[in-house]
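**Student:**
Residue numbers (our numbering), protein chains in the order written: chain A, 454 to 733; chain B, -17 to 148; chain C, 331 to 1117; chain D, 427 to 577.
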């Protein structure tokens, strides 16, 4: 690791000021992407701004038809949350599949969403559920938030405060792991809301998380794994590496999507009528 | 150099550290607690697992400064100064859950964390899934799984204070 | 058998320190005034080093010294060597290229050490390394062993035209030709034994200290054989005379072969410690380990098996290209030759075998012995041929095996080995019973109902362990003898220290060796210490590899114990005023035969030292004996593993759902430890078959350079193993033991591949059989096998 | 690790105009992703410094960029190799071809890139996608530069 200055602000405002003041500053949440990269000397921020001492950035709340999750909420907290398990079991399942138990004890929702790793799990949930990213400056709809691999709509001094997830009638997440890294080779989040059905895919895309309109159309006719039988997506633009070709990933997207729908169908319907969520 | 203070195995400790010092370095080099090991640099092998505030974490992926004010427990704290072995330690020995011993401290700390989270009656399948962050190259995991199942049961009768020496 | 004697599953003595965090691994040790070494390594697989400018680095904060390859020569530090001479078919010796500890003029693989920075802290050493400017002229690299010999391939070393180290063969080509000409059916396969990275969980480390007052160098390192390290570093590298160099291998966190070898980093740490006159410590990180620990396997093979109409094996032919990487590591030459081709008879009576092996240089990390070393590769060839042959002939694979098993012993194979004893039919039968092969059809149908393809694969393997008679290995080119030493020191109070030349890094010697002594001397385990891993304590030893610590190391202890007993009887005879011939030693007591006069072991020990009862002229005081034991043959553990898999045809994912291992290791000293060794071996073998594989790109960049891309087996990759044994006593050592450390890794890979190919109905499966590769095969064959 | 990428752009300018831009150091500097500086050191040869970010990874590459096989106004090869310090090295080249079409120009390219050192060893998850993105970025910007008013 290169030398850096460590900061521990106690408010979001202080943290934002530090980001504004130092061009080469990085936020530190769980640290499970940044610290390994820094250990390899592949990142050299001059300033690290540790968010852990800021109150109010962590916690899970049911607000109307949405679940609001603080940016510093750990994966394990989402996985174990009764609120999430009752209302959005697929999201709890997703959180329980990130990394390993020790990683889930440190890694945070905000860190994952801010990083937008093309093989991370959370982006699929945000996009499929139509979540809203709430920052210290504004609210950003998931549709507008993800801008490509590792790129987001966040401005340099913008800090994620929380993410609100509209509750879906039915949702499912299935992940086919890269056996070595445990990141998603292909992860598919399927969400059925009264207004729409969304299918979001992580891990496969060269440019990060994406939706599959063809699958969504098919599922609108009937929300069943059978509706996806034989459907696949084009391989072009998908990741291709030593772990699997783009063709393999394209095929997996179909298979895993079917399984995600099956998982969604199996979960009992959540007894919350849902409507476009605004102003939470 | 910034100062850092925390509680390790029940004792208050302080030290001046370079900001880039990892918790595992602080434990091994400053405190000479060398039972916590480093086996990889990508946060995967789990040889460095310790507990921070009662939860298993990989001490190679935490800065010492991030642990300021925290309660840290390491393998050395489970049976300090010749105290009787923690039931999980005893179970690893009884079930031959270790060979070279290098992954063992991390395994035991993860195992106790599994029990703390999931209770005393653990199925083999659960244990295997929960061990995804701990790599052992010697044992083929067979006896580790047995040891954790047995250790989990043995921890049942244990006084709460000894669940882990936080 | 008594509670702690031979055959008892005694809990391990060494565990106390490991489970309490009190182990002492090399990196746990620190010396006053210690500095830290950081190696700057070539990012290029093949490049001329035109210039190294280290001036700025040398004056960076905390830097003590910056050293480079040319300075090694100035200081007369010699090259690393390969200690096993192999001659080509044409009689020419193998082409061993110079291997300096720091590159001189040229870097030959990514990770080749080009400079070392010694600094007060590791962070400072790393900071300074970035200030070193190296002018590389990048050369074309060759990484594929099959292409290394091709015309136009870049030549890596001047000495080796066509990058060929040797072209070796074994067997009678004409006789094999005749056997094939008479065959009813010939089965042909092409296979790749994938390159593996050993990945012992403790990364390698070295700490060197120089005492200028005594001119003594001490090296703490992660070694499986500290004495051989000292010998090579003294005699070949010329670092210091042997008596001025102490090598200590403390607790070592796994080896699997990768810690047998003498590596550049330990040489450089010793050299630097003397140069800067301060202790120098280096600890590898995992990324560095991927680029510097000797890798394993990496064979490309074409093999054929000839069958008669009755399903009898008539002959086997194999042509293998073995990739030895950029330099010849310490024992690399022996692995694809005498540890491989000599096992191509498997468990079968094969009249003719002919094997050709070309060893080549490539711009990759050196390859050397890794758990099993040559024998997994041989087993893979033989057991794939038998399995595919059975399928092609329409015979049951188990029946074909039974038909061809060697049934009378001793058995001389056409490839040097003389098998001493075994009962292969018994291990196969027991394995089939334990695995419930009869019920497989039902299980397969059950899997099919869940959309899964279930397969069953056999592996009837043999290995040659306990290497081996010195005369034999010497005649085959080994530069060392492969005996073992032991010294039994009885203290005046009757406690015992056993000094052994073998080394434990997970195998539990402190327990099993003590069990042997406890049983033999009738004293409690707690009164026995096993001492190993320090050249100042143990006179000499050949270390631990090739599953030799039991068969060879313990046999040396038996020999020393024999001498202790003989001497103690003499002492007891004086004490009990009886003739020496009348003294009987049993249950820890020396008794005058036919009387109730006796002396306890501890009393005899005390009397040996106080020497009041005898004069020194007749009998020397003291009770301490040493022995060197040289075996008369290899040992031949063998067994049968049966693997059941379920393949998910939608994703190509393979799950190992059942594993049965029945092994014949001869006499077991501690069944619990033996079982543990089998478990670990299976895991590494399954790892090779399903998960692990080093992948280089065409330019020699290692793409699987961390646990993010090199898939280590995890707990969830395995079912609960069913491990059983059979026993035929090994006749060539006093204990009847054979060795168990490598069996699993030898047996497992081919059992998995035989199971997958059975499941999907295609032989076209490569290792590692990752989901994507199995899926691709399924695509090629048009989905799933007809039920 | 080695990667190949290719693409095609329809540009609203004549091949001659596109060719001029392809040889303009200021345009090249603006189009090379993350380019901090581009200094002319010889005929058709430049010294470049570029800082690239791939998620958590940030690496500065310094090296030479050369234009070869010049065939005005039909195409050339632009190639470069850079040292990224600890991160390793990168080298690559793009064959760029120009052909008149529909009153404008079709620019087609084939990129070959090679990454070595730490990024190749540790960056599997990152590098493939990133290289594609960098190549795309270059030509997207170039397409924009071609239609932009001069100066």
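A virtual CB, placed ideally from N, CA and C, is assigned to each residue, including glycine. Since the structure is predicted, the reported quantities are computational estimates derived from the model, not experimental observations.
Give the interface partners of residue 677 of chain A over in chain C, defined as CB-CB distance under 7 Å, in chain order.
**Tutor:** None at all; the shortest Cβ gap to chain C is about 17 Å.
**Student:** Around the C-beta of residue 940 of chain C, are 16 or more other C-beta atoms found within 10 angstroms, so that it is buried, or is it exposed?
**Tutor:** The residue in question, residue 940 of chain C, is exposed, as its Cβ has fewer than 16 Cβ neighbours within 10 Å.
**Student:** What do you get for residue 728 of chain A, buried or exposed, if any count of 16 or more other CB atoms within 10 angstroms of its CB means buried?
**Tutor:** Summary for residue 728 of chain A: the model assigns pLDDT 44, below 50, so the residue's position carries little reliability; its value from the coordinates is reported in the next sentence. So residue 728 of chain A counts as exposed.
**Student:** Please state the DSSP three-state secondary structure of residue 513 of chain C.
**Tutor:** coil
**Student:** From the beta carbon of residue 1026 of chain C, is the nearest beta carbon of chain A less than 8 Å away?
**Tutor:** no
**Student:** Is residue 146 of chain B helix, strand or coil by DSSP?
**Tutor:** Bear in mind that the predicted position of residue 146 of chain B carries a pLDDT of just 49, short of 50, making it unreliable; the figure below should be weighed with that in mind. If DSSP states are grouped into helix, strand and coil, residue 146 of chain B belongs with coil.
**Student:** What do you get for residue 63 of chain B, buried or exposed, if any count of 16 or more other CB atoms within 10 angstroms of its CB means buried?
**Tutor:** exposed
**Student:** From this set, C/1006, C/440 and C/1065, which residue's C-alpha is nearest residue 76 of chain B's C-alpha?
**Tutor:** C/1006
**Student:** Strictly below 7 Å CB to CB, what residues from chain B border residue 492 of chain A?
**Tutor:** Annotation: Cβ neighbours of residue 492 of chain A in chain B (cutoff 7 Å, chain order): 23.
**Student:** Output the boundary residues of the beta strand (DSSP E) element that contains residue 381 of chain C.
**Tutor:** 377 to 383
**Student:** Can you check whether the C-beta of residue 727 of chain A is within less than 8 Å of a C-beta belonging to chain C?
**Tutor:** Per-residue confidence for residue 727 of chain A stands at a pLDDT of 46, beneath the threshold of 50, marking its modelled position as unreliable; no derived number is given.
**Student:** Might you give, ordered along the chain, the residues of its own chain that have their beta carbon closer than 8 Å to the beta carbon of residue 826 of chain C, omitting 5 neighbours on each side?
**Tutor:** 818, 819, 820, 847, 851, 853, 857, 858 and 859
**Student:** Between residue 577 of chain A and residue 618 of chain A, which are expected to be in contact by the criterion C-beta below 8 Å, what is the C-beta distance as a whole number of angstroms?
**Tutor:** So it is not a contact: roughly 12 Å between Cβ atoms.
**Student:** By how many angstroms is the C-alpha of residue 887 of chain C removed from the C-alpha of residue 602 of chain C?
**Tutor:** 38 Å
**Student:** Counting C-beta neighbours from all protein chains within 10 Å, is the total for residue 879 of chain C 16 or more, i.e. buried, or is it exposed?
**Tutor:** buried
**Student:** Write down every uninterrupted run of the alpha helix (DSSP H) in the region 637 to 721 of chain A whose length is 4 residues or greater and which is fully enclosed by it, in chain order.
**Tutor:** 666 to 674 and 699 to 719
**Student:** Quick one: does residue 570 of chain A have its CB under 8 Å from some CB of chain B?
**Tutor:** no
**Student:** Got a sec: which bits of the region 1016 to 1044 of chain C sit with their beta carbon under 8 Å from any beta carbon on chain A, in order along the chain?
**Tutor:** 1021, 1025, 1033, 1034, 1037, 1038, 1039, 1040, 1041 and 1042
**Student:** Quick one: give me the first and last residue of the beta strand (DSSP E) that residue 366 of chain C is part of.
**Tutor:** 365 to 371
**Student:** Mind pulling the chain G residues with CB within less than 7 Å of residue 30 of chain B?
**Tutor:** Of the protein chains in the structure, A, B, C and D, none is chain G.
**Student:** So which residues of chain C does residue 629 of chain A contact, with C-beta pairs closer than 7 Å?
**Tutor:** Within chain C, the residues placing a beta-carbon under 7 Å from that of residue 629 of chain A are 981, ordered along the chain.
**Student:** Anything in chain C within Cβ reach of residue 512 of chain D, meaning under 7 Å, just list it in chain order.
**Tutor:** 460
**Student:** May I have the straight-line CA-CA distance separating residue 453 of chain D from residue 568 of chain D, to the nearest angstrom?
**Tutor:** 7 Å
**Student:** Does any residue of chain D bring its CB to less than 8 Å from the CB of residue 496 of chain A?
**Tutor:** yes
**Student:** Residues of chain C with CB closer than 7 Å to the CB of residue 26 of chain B, please, in chain order.
**Tutor:** 1037
**Student:** When you compare the CB positions of residue 1104 of chain C and residue 1083 of chain C, do they come within less than 8 Å of one another, or not?
**Tutor:** Their beta carbons are not under 8 Å apart, which means residue 1104 of chain C does not touch residue 1083 of chain C by this criterion.
**Student:** How would you label residue 476 of chain C, buried or exposed, when you count the other beta carbons within 10 angstroms and need 16 or more for buried?
**Tutor:** exposed
**Student:** According to a CB-to-CB cut-off of less than 8 Å, which residues of the region 523 to 555 of chain D neighbour chain C?
**Tutor:** 540, 541, 542, 543, 544, 546, 547, 548, 550 and 551
**Student:** Could you work out which residue in C/651, C/711 and C/656 is closest to residue 675 of chain C when comparing CA atoms only?
**Tutor:** C/711
**Student:** Can you confirm whether residue 149 of chain B, when its beta carbon is compared against all beta carbons of chain C, has any partner nearer than 8 Å?
**Tutor:** The structure shown has nothing for residue 149 of chain B, since chain B only spans -17 to 148.
**Student:** Using only the alpha-carbon positions, how far apart do residue 824 of chain C and residue 439 of chain C sit?
**Tutor:** 55 Å
**Student:** Against chain A, which members of the region 481 to 492 of chain D pass a CB distance test of less than 8 Å?
**Tutor:** 481, 482, 483, 484 and 485
**Student:** Applying a beta-carbon distance threshold of less than 8 Å, which residues of chain A neighbour residue 87 of chain B?
**Tutor:** Those do not exist, as residue 87 of chain B stays about 13 Å from chain A at its closest Cβ, beyond 8 Å.
**Student:** DSSP puts residue 637 of chain C in a beta bridge; with which residues?
**Tutor:** Residue pairing by DSSP puts residue 637 of chain C in a beta bridge opposite C/515 and C/643.
**Student:** Would you tell me roughly how many angstroms separate the C-alpha atoms of residue 465 of chain A and residue 589 of chain A, rounded to the nearest one?
**Tutor:** If I take the Cα positions, the gap works out to 7 Å.
**Student:** In angstroms with no decimal places, state the Cα-to-Cα distance between residue 333 of chain C and residue 985 of chain C.
**Tutor:** 40 Å
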